[in-house]
Amino acid sequence: MKYTFVFNPDLCSSCSSCVIGCMDQNDFDPESGDLPFRKTFQNEIELADGSHYSAYISAACMHCVDAPCIDACPVGCLSKDPETGFTVYDNTNCIGCKSCAMACPFGAPRYRKSDGKMVKCDGCNERVKAGLKPACVKACSFGALQCVPEEEFLAEGSAKACNVLIDQLGLRRK
Amino acid sequence: MTDLEKKIVAKIPGEDTGIEVKRSLCAICSPGHHCGVDCYVKDGEIIRVEGTEEHPYNHGKLCTKGSALRNYVYRKDRLKTPMLRVGERGEGKFKEISWDEAYQIIAEKLGKVKETYGANSVAFLSGYCKWYRPILHRFCHVFGSVNFGTDDCTCSASKVIADKVTAGCGAGPDMAHANTFLGWNYEGYYSSHLSVAGVQKLKARGGKVIIIDIRETPASKNYADLFLHINPGTDGALALGMGKLIIDNGWADMEYVEKYTYGFEQYKALCDAYPLSKVSEITGLKEEEIYEAAKLYATNGPACTNYSASALVHHINGFNAHRAIVCLSALTGNFDRAGGNVPNPPTYLHKPAGFKTREHEFRSNRYPGTARRIGAEKFPLWEAQFDETQSMELLNQLETGRPYPIKAIFALGMNAKMYPETDHLLKAMSENLDFFCLTDMFDTMTAKYADLVLPACSSVERGELKAYQGGYLTFTKPVIKPLYESRSDVDILCDLARIMDLDDELLKSGYEKCCDWMIEGCGLTVADLKKSDLPVKVPIAKWPAVPGKILENGFKTKTGKFEFYSTAIADIDPSFGLDPLPVYYDSLRDQNDPETKENYPFYLCTGARLAHAVHSRTHEVPWLRSLRPDPTCEVNGEDADRLGLKDGDTVELYSPVGAIRVKCQLTWKIKPGTILMLHGYDEANVNNLIPRNHLDPYSGYPGFKGMRCNIRKVERK
């Protein structure tokens, strides 16, 4: 079964439980200087009338259907897991060229200083295969971050969900 | 990688991976919560933590802090062994000693102070968390001292007392049956994550939400139909103004008022002094928004109100502000009514669970009563209503030795950073104590001042009794062995009771026997509870609380009614100037002389909750610290422009008594003139800015959330 991450900014408070859940799952060490796979943002955006809009956002790899990082990798580290649809990787052959990060519109892949290789969110692929939720989704108390079967996502009208995030990030061509 | 290796890396529980899921609870934040956790354990070590789906309280959910439980448990600064001070107090030089040696030293030193000065010269103090408190409380009394004190002297108890002297008890919002939710200081997401679902459900069924706060929050953004962005410290005036609107417009439930309340005429006269224009000026709110909020709350009932434990009562006018808000509940007939606020007394350690335990008896039936507790002379209402020290007087009593000297402190989790003028307190402790013993999990700032330090273990390394909403009780089991040589707080206390040969067979019989004594009659024993990994439904528990019982049987006040005019306060010596009515006065009234006003024009509000922090407990948890690495104050963008401050600038925050250096973050979520600063940092302890006498005269609570300060940019050299 393929899965889709769904983020609803109207339920998010940038509490960062998702980030901590990810850190726990991936044994994140802040002292390493590396960045976690997931990040939250609290942006106060000035509106035309001078007031401010508070945007609460959680972001990581979007597991794009047509993921540009896969094509960008010169040594074929990245691929789609045929079962879950997540963008997964095996960085054994990674040369640390950062092409994947540059190709990603979200800058999701991270360069890990300790071994000079790229790493990224794999959607907690093994957890999902074992019937568990991705760590970030499991940690979200408010239903802002979810991981739903593709059919369910499509049935619910896929126009919403991820696109809202893209709007929030101002990525849509005006 | 093989499939099995992949599963091990991904921490998938199972026999093949050797990863076992064991259950416990997270005790990082307030005991009002303490969510159930699944600890993934491999080779005796926790490798992952998540919320327990089957847990009747949190249903699998965990907050930001709880999600970091593993990182909290394995903090590098965990205390490892008992340690005896070898350097100067505060220097942090210790030598390791054995538990037996430590116990002998404690017995000897406490015994000596008792012999020389009397048992009351030993104060038994507690910080977070609270699970061991019944044992420590009883220990203190059996030892012979009246001076048991906790963080209740600055947290929640002010609200509890205000409720008691007004309505005889507190009452929680009945969200499930309300049409309107008055979210006074309600933020939810960062301090009470499980409460958000209740607001979501209310909104989904067409309910209305009013949020009153000094800052915009996710709650005000996501749920407020009306958001009242109020001037800090003026909530009491708003509540009285709303009272006037409700009375004048005929929205009050006069049948309820006549039948169930006392002192309405005096209360009405008080409200009359707060016409809309005046309230608008004080609160900084538009007249229309105040009117709309009062109307919605009073006419779209049933309406329930959020009463936060500390947001309001951390102003020196906060006790009365809370009373004034509670009064609105009676005025509109929402107190003890379905969909309003329904009393639900705590069963055990602040948790309501629909049955009674003998916790209070266990704590208090050995009270020696040989002197008045610390703070009693200055805060008579506190002394009359609460059976702990008001430790905001500890510093003065240490320094002056009056009314009697405090010569030893035996503390569990004591955190000097909780006290205003922290550095002065630590100095006074260094200079005046004969003995200071501290039990803690971590090598804290306060631990460096102790003569003897004992290592405690965390919630996942021990067993503990815990009640939960819904009529549940549990006794947890350790999921890992105590780290290093650490021990459970209650085992330390019961060991000491035996070694010191205290006159109490109960304490000497150990924690589990004490628990059995407290829960006797509920139909379950500790042995029964231990058979389950999950909380067990208590046979005699009645849940949910049924509204209307107090209306039927009478309020637990002297008049048997809801008291707009508090007879319990009227009983206090008038020379203390405590008003039986919830009068409003300025939250900076002791700092409003022209000179102080000019030199310290900003309103400092400390400790407004952020998701990753609770007091100082998580500042040294690396994952949580990484979310905001630097101590940071939040400054309104307009103020910042005026002062030439930019995001990330280093600034100095200062008051007449102290200064700290922090980073600056611009925000438009607070009004100009307000500065927010999170408390609890060693290197930037904002409580050093708060003078020891900036206290609410009713409760003794410090004005943590309402204090004059100033800010200046620190130029890089």
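Those protein sequences? They're chains A and B, same order as listed. Under our numbering, residues 1147 to 1320 are what the first sequence spells out, in order. Under our numbering, residues 12 to 728 are what the second sequence spells out, in order. Glycine included, C-beta positions come from ideal geometry on N, C-alpha and C.
Contact belief for residue i with residue j at Cβ below 8 Å, rounded distance in angstroms
i: B:Glu300; j: B:Ser288; result: Actually they are not in contact, since the Cβ atoms of B:Glu300 and B:Ser288 sit about 14 Å apart, beyond 8 Å.
i: A:Phe1187; j: A:Ile1203; result: 4 Å
i: B:Lys548; j: B:Phe486; result: That belief does not hold up - the Cβ atoms of B:Lys548 and B:Phe486 are roughly 14 Å apart, past 8 Å.
i: B:Leu449; j: B:Ala461; result: 4 Å
i: B:Leu504; j: B:Leu147; result: 6 Å
i: B:Thr245; j: B:Ile293; result: 5 Å
i: B:Lys716; j: B:Pro243; result: 7 Å
Interface flag, residue i vs chain A, CB-CB below 8 Å
i: B:Cys74; result: yes
i: B:Val60; result: yes
i: B:Ile23; result: yes
i: B:Arg81; result: yes
i: B:Lys214; result: no
i: B:Lys674; result: no
i: B:Thr643; result: no
i: B:Pro67; result: no
i: B:Glu227; result: yes
i: B:Tyr692; result: no
Closest Cα partner of residue i within the set the options
i: B:Glu388; options: B:Lys212, B:Gln408, B:Gly481 and B:Asn376; result: B:Gln408
i: B:Cys720; options: B:Thr433, B:Glu372 and B:Leu664; result: B:Leu664
i: A:His1209; options: A:Asn1237, A:Lys1226 and A:Gly1222; result: A:Lys1226
i: B:Gln480; options: B:Glu26, B:His66, B:Lys22 and B:Ala38; result: B:His66
i: A:Arg1323; options: A:Arg1273, A:Tyr1235, A:Lys1275 and A:Ala1276; result: Nothing about residue 1323 of chain A can be reported from this structure: the residues present for chain A run from 1147 to 1320 only.
i: B:Val20; options: A:Ala1206, A:Phe1232, A:Val1265 and A:Arg1273; result: A:Arg1273
i: B:Lys18; options: A:Ser1178, A:Phe1299, A:Cys1286 and A:Lys1275; result: A:Lys1275
i: B:Val353; options: B:Leu360, B:Asn345 and B:Asn443; result: B:Asn345
i: B:Lys608; options: B:Arg703, B:Met718 and B:Ala235; result: B:Met718
i: B:Met529; options: B:Lys657, B:Pro489, B:Leu484 and B:Asp500; result: B:Leu484
i: B:Ala382; options: B:Thr400, B:Ile722, B:Gly261 and B:Lys488; result: B:Thr400
i: B:Asn331; options: B:Asp174, B:Gly532, B:Glu102 and B:Ser78; result: B:Asp174
i: B:Glu56; options: B:Thr661, B:Gly618, B:Pro585 and B:Tyr495; result: B:Tyr495
Chain B within 8 Å of residue i, Cβ atoms only
i: A:Ser1225; result: no
i: A:Gln1292; result: no
i: A:Arg1273; result: yes
i: A:Asp1166; result: The sequence shown places Ile at residue 1166 of chain A, rather than the Asp named in the question. With 8 Å as the cut-off, A:Ile1166 counts as an interface residue toward chain B.
i: A:Glu1177; result: yes
i: A:Arg1319; result: No answer about A:Arg1319 holds up, because its pLDDT of 48 lies below 50 and its placement is not dependable.
i: A:Cys1207; result: no
i: A:Glu1190; result: yes
i: A:Met1264; result: no
i: A:Phe1098; result: Any question about residue 1098 of chain A goes unanswered here, given that chain A covers just 1147 to 1320.
i: A:Tyr1257; result: no
i: A:Leu1193; result: no
i: A:Leu1351; result: Only positions 1147 to 1320 of chain A appear in this structure, which leaves residue 1351 of chain A out of reach.
i: A:Arg1184; result: no
For residue i, the first and last residue of its enclosing alpha helix (DSSP H)
i: A:Ala1247; result: Ser1245 to Ala1249
i: B:Phe154; result: Arg144 to Phe154
i: B:Tyr522; result: Tyr522 to Ile530
i: B:Cys505; result: Asp500 to Ile510
i: B:Met440; result: Thr433 to Asn443
i: A:Arg1273; result: Asn1271 to Lys1275
i: A:Met1169; result: Ser1163 to Gln1171
i: A:Phe1299; result: Glu1296 to Ala1301
The beta strand (DSSP E) enclosing residue i, as first and last residue numbers
i: B:Trp195; result: Thr191 to Trp195
i: A:Met1264; result: Lys1263 to Val1265
i: B:Tyr479; result: Leu476 to Tyr479
i: A:His1198; result: His1198 to Ala1205
i: B:Gly279; result: Per the sequence shown, residue 279 of chain B should be read as Lys rather than Gly. No beta strand (DSSP E) holds B:Lys279; the alpha helix (DSSP H) holding it covers Phe275 to Asp283.
i: B:Leu465; result: Leu463 to Pro466
i: B:Ala670; result: Gly669 to Thr678
i: A:Ser1260; result: First-last for A:Ser1260: undefined, no H or E at that position.
Please give the ranges of any alpha helix (DSSP H) in the stretch 366-425 of chain B, keeping only runs that are unbroken, at least 4 residues long and fully inside the region.
370-375, 391-396 and 405-411
Quick one: which unbroken beta strand (DSSP E) runs of 3-plus residues sit fully inside the stretch 585-658 of chain B? Chain order, please.
613-617 and 643-647
Counting only runs that start and end within the stretch 291-329 of chain B, where is the beta strand (DSSP E) found for 3 or more residues in a row?
Counting whole runs of 3 or more residues, the stretch 291-329 of chain B contains the beta strand (DSSP E) stretches 314-316.
Would you list, in sequence order, the uninterrupted alpha helix (DSSP H) runs of no fewer than 4 residues that lie entirely inside the stretch 25-92 of chain B?
75-78 and 80-84
Unbroken stretches of the beta strand (DSSP E), 3 residues or longer, contained in the stretch 86-139 of chain B:
94-96, 105-107 and 133-137
List, from N- to C-terminal side, the alpha helix (DSSP H) runs of 4 residues or more that fit wholly inside the stretch 679-725 of chain B.
Runs of alpha helix (DSSP H) with 4 or more residues, each lying fully within the stretch 679-725 of chain B, are absent.
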